[in-house]
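Under this note's numbering, think of the first position of the sequence shown as 146, with each following residue one higher.
Quick reminder that beta carbons are idealized off the backbone N, C-alpha and C, glycines included.
Just so it is clear, the structure is predicted and the values come from calculations on it, not from any experiment.
Everything below concerns the one structure shown next.
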Amino acid sequence: MRSMKYLNVILTINAGLLAILVWTQVAGRPVVAAAEAAANDPSPSGGIPNASEQRKLMIEALERVQQSVEASNRLLAEGELRVEVMNFHEMPTASGAAAPPPVAPASRGH
């Protein structure tokens with residue numbers, strides 16, 4: 146008799162916990178609405194990615210990069226692009242003055 150009461154209590158608690166688990170999973174995101182939104186979403190984040198569209202976008206981006214590099218090479222060849230290499234602390238600041246020299250690290254006295 147006592148074991149039947151214990152079994153009923155445990156089964157009731159188990160059923161309650163299962164109901165709470167199912168409710169939190171379903172109530173958090175409606176299953177039907179999420180599936181419908183994913184089907185109508187044209188963005189790459191929703192659904193299966195389109196590999197041919199991705200390749201097309203990558204090729205277009207690479208063509209733009211190639212055009213930019215070719216333009217820079219033309220400017221270099223014509224002498225219109227000047228490159229000057231200098232140390233960071235010698236670069237002029239916004240006010241026109243040279244930046245202060247770097248601070249030497251403090252020596253450790255042992």
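Write down the C-beta distance between Leu226 and Ser217 rounded to the nearest angstrom, noting that I regard them as a contact closer than 8 Å.
-> Indeed they touch by this definition, with Cβ atoms about 7 Å apart.
For Arg200 and Leu207, the rounded distance between their alpha carbons = In this structure, the alpha-carbon of Leu207 lies about 10 Å from that of Arg200.
Please work out which residues of its chain come closer than 7 Å, Cβ to Cβ, to Ile155, disregarding the five sequence neighbours upstream and downstream, and give them in chain order.
-> Taking Ile155 as the centre and dropping the five residues before and after it, the same chain places no C-beta closer than 7 Å to its C-beta.
Measure the C-alpha to C-alpha separation of Leu166 and Met146 and round it to an integer number of angstroms.
-> So the alpha carbons of these two residues sit roughly 31 Å apart.
Contact with chain D by Ala196, beta-carbon distance below 9 Å | The structure shown contains no chain D; it is built from a single protein chain.
Going straight from the alpha carbon of Asn153 to that of Leu162, what length do you get?
-> If you take the alpha carbons of Asn153 and Leu162, they lie about 14 Å apart.
Nearest-angstrom Cα distance between Val228 and Val210?
-> If I take the Cα positions, the gap works out to 20 Å.
Would you kindly work out how many angstroms separate the C-alpha atoms of Ala164 and Ser148, rounded to a whole number?
-> Rounded to the nearest angstrom, the two C-alpha atoms are 24 Å apart.
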